[in-house]
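Going line by line, the protein sequences match chains Y and R.
When the letters of the first sequence are read in order and numbered with the numbering used here, they come out as residues 1 to 504.
When the letters of the second sequence are read in order and numbered with the numbering used here, they come out as residues 505 to 1008.
Here a beta-carbon is modelled for each residue, glycine too, at the ideal position from N, C-alpha and C.
Report on the structure given below.
2 protein chains.
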Amino acid sequence: MNITIKNAIISVYDKTCIDDLLPLLKKLNVTIFATNGTLKYIKSKGYEAKDLHELTNFPPLFNGRVKTLHPLILGGILYKKDNSNDQLEAEKYNIPSFDLVVVDLYPFKETTKATSDLNEIIEKVDIGGITLIRAAAKNFFYTTVVAEASLIKELVDILSTHNGVISYEQREYFAKRAFEVTSLYDLAIFLYLNKLPYLDIKLYPHEKLRYGENPHQEGYFIGNLSEVLEKIQGKELSYNNILDIESAINLLAEFNDPTCVIIKHNNPCAVASNNEGGLSLWHKTLQCDPISSFGGIIATNVPISLDLAKEIDKIFFEILIAYEFADNVIEYFKKKPARILIKLKQLTKSTYTFKSIINGILIQSANNTTLNENELEIPTNAKPTTEDIENLIFSFKIAKHCKSNAIVITKDKQLIGAGFGQTSRIDATNIAIQKAKSMQFNTENAYLASDGFFPFTDCIELALNNGIKKIIQPGGSINDKKIIEYCNNNNIVMLLTKIRHFKH
Amino acid sequence: MNITIKNAIISVYDKTCIDDLLPLLKKLNVTIFATNGTLKYIKSKGYEAKDLHELTNFPPLFNGRVKTLHPLILGGILYKKDNSNDQLEAEKYNIPSFDLVVVDLYPFKETTKATSDLNEIIEKVDIGGITLIRAAAKNFFYTTVVAEASLIKELVDILSTHNGVISYEQREYFAKRAFEVTSLYDLAIFLYLNKLPYLDIKLYPHEKLRYGENPHQEGYFIGNLSEVLEKIQGKELSYNNILDIESAINLLAEFNDPTCVIIKHNNPCAVASNNEGGLSLWHKTLQCDPISSFGGIIATNVPISLDLAKEIDKIFFEILIAYEFADNVIEYFKKKPARILIKLKQLTKSTYTFKSIINGILIQSANNTTLNENELEIPTNAKPTTEDIENLIFSFKIAKHCKSNAIVITKDKQLIGAGFGQTSRIDATNIAIQKAKSMQFNTENAYLASDGFFPFTDCIELALNNGIKKIIQPGGSINDKKIIEYCNNNNIVMLLTKIRHFKH
């Protein structure tokens, strides 16, 4: 059912958000109802509006805590406009039919960030606004609700192109958005009162994915990928694609030099940096592990030229992520629709992450810490060169993005072997070394990073037996003294980061 | 500030939830205000109550859609009871001071499960009840709010032991619970309207953990672990403990025979089943990997006797999880406070799981599927014995709980080698075999499971070269035909499950 807007209630905290709406409503001959601040603002802009308090014949109470909470107002929003009993009742009590409700709520979250005065914060718990929104959203068969300032533009677009008429689907859409606003508003109040961190949750847009981690599981993505990246071409992203994309862009974000990474099953199978980017960077990257790279998620901070694209395209990859694709690259891949191309827009890191777990939710501040070179401790007699430090930091950055326990071996800013997701550190070390050897890398003088401390000297001994004498690790074991002693006896350079990077 | 309850508003959907509250309020001389159904119910039980419609001199409107939404009612909840201006205004309009608001909301979620009639469902979007709750919660400096039936018992306990007096902290607690109720209520409406699955979210209780995955990260747990397990003794659970406990109990839940599992870093490092449990089961378990088991999370479905406890205690473990601990076991561990003992109560599996990810949330139905023996496909000429099938299913269950890519090797219902979290299946196979050998296991005639299909014959060839000729895997590769041919040429038994178990 299409509905022509005739009567609107407007109640907004940020007054300027209605600047574009007012002339449109005037043009459409919509009667505006408002109270207090919003009413004054509308009139100050030269538009007409009726005072809801005159309609109800009831003044605002208790310093404005009770303004719109009145049966004539909420009845006018909530009644079934095509039900004859409701129509008679509305007539009897002289209740207008409100077709549109526009609300911008008190800024609760922002207030808690600006002050710690609980009285002031509580005053910003919006009661009337939420009730207007929820009543209008409930009655979306008849009523249009705009629940926050950011949605007003969408309303203006619809009303101006459809001459004040709004469809069922559009009203339903605004109702969906309304319950997004109200649920997140009260979640914020809950988190604040309970001294829990705010979570950056967006409930819109969202999509049903083809399936979850496996074909027999349903999958959904809620949120806005397009704020972070733009899919240039390719099939619908899968659940596992999204997991891997996050791993890839988080890993890539660690590096400033021209760098390329390849992710498989959430773990890095290739990482390389050099000074010039281009083909040489790609060859260096692919060389890390040409077998696992098959079907991988590639991410790079260098521009993708046509030459580079053609070279990368020689292997089967699932996704290629970059900040910049040449126009002819986009043209080139059009003939290959199985390839997903993603343009990275910006990297907005979450402050907190969360996941569901046995009967609850685990929340943590994201592991956004970066290694401060000046805070590195060098407890061994053998000291690193500047080049050593650079290379060890390179290794440790990769270890941060491997599932724990992780051991990473690099050489000349190229990942040559990694053991990750292991139940013991010695297994991880062994796997990393075997991996390097199986790829024909020489571990002699390579660099080794560990995401957690070494519990014993065994891993270091194993590394040493394979020619590795430059190591970086968090430190913090009760055996640290013994380990450093072992390093000193064997001319090994060891850096302690004092930052652990477990990731599960 | 302590407040003595004098005037209460009660508005409940489930009337019987107030059966214990009514005699108490009578005893405390509290005046009850209600409307319609709740009012009738109270009177039918022989208690007195005032009709809110008499107070407002306003009838219910629009078939009950507007009942309590009136400035005199909400003003009576919302005004500052010790502010002289507010007091004067309340007096002028003859507004009572409501100290207590008890609400049980329309059952929105339940209605959506019982019917698909949108009209009926929309009628169960509670507007008045939510407004009463939010107004009372906002004004918790003065007002007590009970936002759902399950909280009434707590109110009754407080009022009966404190003679109708309620403290600031208690009112604050009820306000916190109120915003839990309102945010989850609107989230449910949002999910329903948007055709998204309901998520089993509880926001209470919650705790700040010592830290997150790493010491430099904050950590929080929101939810109710104690419904699932009881911590008998030991230090506060860490973020990583909770991750590992979930992995341990989910893995354990796969088995009906006496079984013991050990988890490290979310992956199984030991799994064994036998027929008798007891010491022999423990020795079989520990033998899987005595090195990684150090500091592990142990979970078993057999009772912990004192003998068994003492034997387990010979290694350092972090957590021991079981359904049953003998009294003398609990006594024994009291001298060892570093050990965490957890009694498993029941296994409530989530229907949906979720996690935050780049600018959004990934949701999926939980991987709760169980392998149906009858649906196994046996495409090879060589056929498995009943014993083979049992052992292969045992292996596949373990593979399901390993990070992908995973290859699991077992023998006589004992995990002898696993490769998990790998970027290629051949690496995972190689690691599993090397692991078995390093633990002095003979892989001859062992069983091998893969969590995903084999892309090529290479893994099978590697297995065969190590004496493994019984394999279980999902199947589904474009190379399946070649792989089965290879099996047939080499007298290998292969079972296809047609269920993939990726886990990241």
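Three-state class that DSSP yields for residue i in the structure shown
i: E734/R; result: strand
i: K847/R; result: strand
i: N250/Y; result: helix
i: N85/Y; result: helix
i: I484/Y; result: helix
i: S796/R; result: coil
i: T804/R; result: strand
i: A428/Y; result: helix
i: N240/Y; result: helix
i: N445/Y; result: coil
i: I507/R; result: strand
i: L61/Y; result: strand
Residue i versus residue j - alpha carbon distance
i: N63/Y; j: L559/R; result: 22 Å
i: T111/Y; j: F190/Y; result: 15 Å
i: E331/Y; j: L341/Y; result: 12 Å
i: R134/Y; j: E148/Y; result: 12 Å
i: K712/R; j: Q440/Y; result: 48 Å
i: E324/Y; j: V302/Y; result: 7 Å
i: E390/Y; j: S365/Y; result: 27 Å
i: A114/Y; j: K124/Y; result: 12 Å
i: N587/R; j: F645/R; result: 12 Å
i: L362/Y; j: K45/Y; result: 49 Å
i: Q414/Y; j: I468/Y; result: 15 Å
i: I121/Y; j: N643/R; result: 12 Å
i: N2/Y; j: V30/Y; result: 16 Å
i: K706/R; j: N728/R; result: 7 Å
i: V570/R; j: H720/R; result: 52 Å
i: F537/R; j: L543/R; result: 8 Å
i: D555/R; j: I577/R; result: 11 Å
i: D126/Y; j: T763/R; result: 55 Å
i: L790/R; j: A418/Y; result: 27 Å
i: K887/R; j: K503/Y; result: 42 Å
i: S404/Y; j: E717/R; result: 11 Å
i: V12/Y; j: K343/Y; result: 37 Å
i: G954/R; j: P709/R; result: Note that residue 954/R corresponds to Ser in the displayed sequence, not to Gly. Answer to the nearest angstrom: the Cα atoms are 39 Å apart.
Bridge-paired residues (DSSP) for residue i
i: P772/R; result: I767/R
i: E207/Y; result: F221/Y
i: L1000/R; result: E881/R, Q977/R
i: Y610/R; result: BP columns for Y610/R are empty, so no partner.
i: K554/R; result: F537/R
i: K859/R; result: K355/Y, L866/R
i: S954/R; result: I911/R
i: G419/Y; result: I407/Y
i: A512/R; result: I536/R, L604/R
i: S942/R; result: Answer by DSSP bridge pairing: none, since S942/R is not bridged.
i: S273/Y; result: T259/Y
Same chain, Cβ closer than 6 Å to residue i, neighbours up to 5 away in sequence not counted
i: I130/Y; result: T182
i: T4/Y; result: G164, V165
i: K901/R; result: E758
i: Y79/Y; result: D86, A90
i: A967/R; result: L952
i: V329/Y; result: I304, L306, A309
7 Å Cβ shell around residue i - same chain, five flanking residues per side excluded
i: N983/R; result: P959, F960
i: S751/R; result: I767, N770, H905
i: V660/R; result: D524, L525, L528
Check: residue i C-beta below 6 Å from any heavy atom of the ligand ATP
i: S292/Y; result: Inclusion of the ligand ATP in the displayed structure is not the case, the ligand content being empty and no account of it being possible.
Beta-carbon proximity list for residue i, same chain, < 8 Å, skipping 5 on both sides
i: G599/R; result: As written in the sequence, residue 599/R is Ile, which differs from the Gly given in the question. The answer, listed in chain order, is L576, G579, G580, Y583, E593.
Which runs of the alpha helix (DSSP H) at least 4 residues long sit entirely within the segment 626-697 of chain R? Give them in chain order.
632-642, 656-665, 672-697
Extract the residue ranges of the beta strand (DSSP E) inside the segment 371-416 of chain Y, only unbroken runs of 3 or more that lie entirely within it.
Fully enclosed beta strand (DSSP E) runs of 3 or longer: 407-410.
For the segment 305-335 of chain Y, which segments carrying the alpha helix (DSSP H) assignment without a break, of at least 4 residues, lie completely within its bounds, in sequence order?
306-312, 327-334
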